[in-house]
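Line by line, the protein sequences give chains A and B.
For the first sequence, our numbering assigns the number 1 to the initial residue and increments by one for each residue that follows.
For the second sequence, our numbering assigns the number 1001 to the initial residue and increments by one for each residue that follows.
Number of protein chains: 2
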Amino acid sequence: MNIIRYPERSEWKEILKRSALHTEDIRDAVNTIINKVRTEGDRAIIAYEEQFDKVKLESLAVDETEFKEAENMIAPELKEAIRQASANIRTFHAAQRFESKKIETTPGVTCWQKAVAIEKVGLYVPGGTAPLFSTVLMLAIPAQIAGCKEIVLCSPPGQKGKIHPAILYAARMAGVKKVFKAGGVQAIAAMAYGTESIPKVYKIFGPGNQYVTVAKQQVSLREVAIDMPAGPSEVAVLADGTASPVYVASDLLSQAEHGADSQAILITTSEQLLEKTKAEVERQLATLPRKALTELSLRSSKLILVKDLAEAIDMVNEYAPEHLIIETQNYRDVAEQIVNAGSVFMGPYAPESAGDYASGTNHTLPTNGYAKAYSGVSLDSFIRKITFQEITKEGIRRLGPAIQILAANEQLDAHKNAVTVRLD
Amino acid sequence: MNIIRYPERSEWKEILKRSALHTEDIRDAVNTIINKVRTEGDRAIIAYEEQFDKVKLESLAVDETEFKEAENMIAPELKEAIRQASANIRTFHAAQRFESKKIETTPGVTCWQKAVAIEKVGLYVPGGTAPLFSTVLMLAIPAQIAGCKEIVLCSPPGQKGKIHPAILYAARMAGVKKVFKAGGVQAIAAMAYGTESIPKVYKIFGPGNQYVTVAKQQVSLREVAIDMPAGPSEVAVLADGTASPVYVASDLLSQAEHGADSQAILITTSEQLLEKTKAEVERQLATLPRKALTELSLRSSKLILVKDLAEAIDMVNEYAPEHLIIETQNYRDVAEQIVNAGSVFMGPYAPESAGDYASGTNHTLPTNGYAKAYSGVSLDSFIRKITFQEITKEGIRRLGPAIQILAANEQLDAHKNAVTVRLD
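Below you can see the structure in the form of structure tokens.
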């Protein structure tokens, strides 16, 4: 871990820089796969699954037998934990439902917004060593609450041609009926364009490696919407001398274990906490199974000492972390001053893992500083707000003359005329 | 205008197709400009303004004298119309403020969302023949209500090196302090990367030609967020035999005058209305100053006769128009069934021009079928919702065991450990 003491503001930009994403280099390779899926459909998916996931598939859709098998393979304690997490995610996202209000802006002119679910959404759940069933819950539960009619989920099969049972169990539990064996770029392309088996959707959600990220970007240029641009996961811990170095170290480590490119940063006002945390990271690291990977990621992590809390808050807002954990004395006051972050964890008993799994908040969050412009996934991500307006005869009489003047000044006479014919 | 009677559902896709956007062809040209602005800053902008807008600029920022001059040039009746429109836009968007609710998902686990303004936003207002001061109001007023700290506006100067006075007047009225003379790709690049004069922003809004559209897409791949992908403007009118052909024709024409690539579609259940509308379009067209341009755009417009209202509604939802005008007997019932549209105008006295200028709804809306996945611009577009969670000792005691099980099953032991240290 890199220790930085009292950096000048002019140095912040360099210190807080993320590792560059080399997305341009792989764009052509990604577009080749996208185009092949677009023209050849299922056949291309099956070929790419053989090439990349080393599995020969007969068909792409997960059938009822596989769902049943999966359910039987899940331990009761995991089922109960998934149920508890789901209930909290459901409670929090259901409370985000939009309530429409009719506003009379001028007598006879009534305007309102109505929330309508995106009809078809696609969820991507990566494979790899860890089965990310928590991501299934985080995406499928709000999609279901929003009322999306068609929820499609793609995830790469393991070497036996099956999707991990915990992913299938979570999907079924969250109301997803259509699950397909497809990973990487080919899965994104399939949901963007549709194939014989996999339906085309209007918006694609979910994490993935840099190939998936680029594929989502490429299809978002024309075909579909995407949840947000993605980058490696990251946490900032803002702590003062009252924080527990044991907790802080565990939080930094839980971010670091995600992968070599993920970033964990401590911003603290206390030299003592910094030193103790450093020692504690080393102590806890020794006990972790993913030690080698975590160690690699810690190399780019930083422990930063700043002169006071105000500076610490400024630095957090400049960094705009995906996750922010505040372990300070008056953590509520500090939280009030945060303007750039994906999700904020307040106080000593709120580790990032709580939000990653089970507190109810969504774990799909803006990385790479995107928190300055993007929100994390929420119920909003699965709806659109359509505006409506109803205008009475009195309404157009009152509003019409202004519209005529405005339209005439923009030299749009037919716009003016649409009012004139109604006023006559 | 093309008349299509009782098309089969299998033909809908072809009938409702938009004209293709050839964005790939100009991508390299756009990226060249972007890169030059990125490396050379103001100097590049000044050079491009000379090349494209035929104007030699000394400086880019609009100064106080120019704002004052502009204000003096605006007729009192236009000022009053702008004031009236602004008041309605302000009323409707202010009513969209997000009210945060704290949700206790589990005893001791409290989660909430907080709306925070995007700190720096950039608004692009195209030049060309018509000064789009209404776009200034539609973007700057919600930015101001949201509380964006820095609102930057770029618009190309006319041949005398000045921005149209109505744009400057509207900008000042909506609280924009920083206005710059820059148009097209160079303006988008300036706001994405920042130059000596023009500040970098986090999100860029506003319409433009295909070059601006591609520039926004390109910078959105890495640097900034954008409001939404853009395409030519469009309207669908859904009408039955009770509708006035005079009103319907005026609505189709007010869309058609936007440009040769804009699309106006009538979907009706009444043969008689169709025929009368056709005749009325020709009659009204003859009186319009933009006759030639409007005629060109009408060539790709369509009058479609369908068998009943249910089919008409299905067709609208399949088309997902930017603007939808419903002129039918029970227009409220019909409006209830609309799921894909940008903005909906209900009843005989609600022409699209009302929403374009003054009713209060936003006129920055999803075109090109994007209404299936995107909302129009609203107060939401200028904020992010950050999630917060506060967990007490009791909260982690109740939630911790589930998190431990879930993390262990995703093979993320450091995630589990962050809970374990807190339960001990």
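Built from N, CA and C at the ideal position, the CB exists for glycine as well.
These numbers come from a predicted model, not from an experiment.
Residue contact with chain B for Met346/A: present (Cβ-Cβ distance below 8 Å to some residue of chain B). Within chain A, the C-beta atoms nearer than 7 Å to that of Phe1388/B come from Ala335, Val344 and Met346, in chain order.
Per DSSP, the beta-bridge partners of Gly122/A are Val152/A and Ile204/A. Between the segment 1398-1415 of chain B and the segment 1160-1180 of chain B there are fewer than three inter-stretch CB-CB distances shorter than 8 Å, so the stretches are not counted as touching. Lys302/A has Asn2/A and Ile265/A as its beta-bridge partners, per DSSP. For Leu1253/B, the nearest CB of chain A lies under 8 Å from its own CB, placing it at the interface with that chain. When the five nearest sequence neighbours on each side are left out, the beta carbons in the same chain lying within less than 6 Å of the beta carbon of Lys178/A are those of Val152, in order along the chain. Counting other Cβ atoms within 10 Å of its Cβ, Arg1290/B reaches 16 or more and is therefore classed as buried. The C-alpha of Ala143/A is placed about 9 Å away from the C-alpha of Ile118/A.
The beta carbon of Leu406/A sits closer than 8 Å to some beta carbon of chain B. The beta-carbon of Ser297/A is placed no less than 8 Å from the nearest beta-carbon of chain B. Against chain B, the beta carbon of Arg290/A has neighbours under 9 Å at Gln1411, Leu1412, Asp1413 and Ala1414, listed in chain order. Taking 9 Å as the Cβ-Cβ cut-off, the segment 139-169 of chain A approaches chain B at Ala166, given in chain order.
At a Cβ-Cβ threshold of 8 Å, Ser244/A and Glu352/A do not count as neighbours. Here DSSP, grouped into helix, strand and coil, assigns Lys1181/B to strand. Relative to the Cα of Val1237/B, the nearest Cα in the group Glu1271/B, Ala1264/B and Ile1074/B belongs to Ala1264/B. Against chain A, the beta carbon of Tyr1247/B has neighbours under 7 Å at Val421 and Arg422, listed in chain order.
At least one CB of chain B lies nearer than 8 Å to the CB of Ala81/A.
Gln1404/B carries a helical assignment under DSSP once its states are collapsed to helix, strand and coil.
Thr135/A sits away from Gly360/A, with the two beta carbons spaced by 8 Å or more. Under DSSP, Gln113/A shares a beta bridge with Thr387/A. Among the bridge pairs identified by DSSP, Thr420/A is matched with none. Going by beta carbons, Thr1420/B and Gln1404/B fall inside the 8 Å limit. Chain-order list of chain B residues neighbouring Gln284/A: Asn1417, by C-beta distance under 7 Å. The shortest CA-to-CA distance from Thr195/A to any of Thr39/A, Ser220/A, Thr367/A and Asp356/A is the one to Thr39/A. By the Cβ neighbour-count rule, Glu280/A is buried, with 16 or more other Cβ atoms within 10 Å of its own.
Under DSSP, Ser1381/B forms no beta bridge with any residue. One finds Leu412, Asp413, Ala414 and His415 in chain A with Cβ atoms closer than 8 Å to the Cβ of Glu1257/B, taken in chain order.
For Ser1250/B, the three-state secondary structure derived from DSSP is helix. Ranked by Cα distance from Asp308/A, the options Asn362/A, Ala192/A and Thr328/A are led by Thr328/A. Between Ser155/A and Val125/A, the gap from beta carbon to beta carbon is short of 8 Å. Put simply, the CB of Ala350/A is near chain B, with a gap under 8 Å to one of its CB atoms. At a cut-off of 8 Å between beta carbons, Leu238/A makes no contact with chain B. Inclusion of Gln389/A and Phe1345/B in the CB contact set at 8 Å is warranted, their separation being smaller than that value. Between the alpha carbons of Lys17/A and Ser300/A lies a distance of about 11 Å. For Gln1186/B, the closest Cβ of chain A is not nearer than 8 Å.
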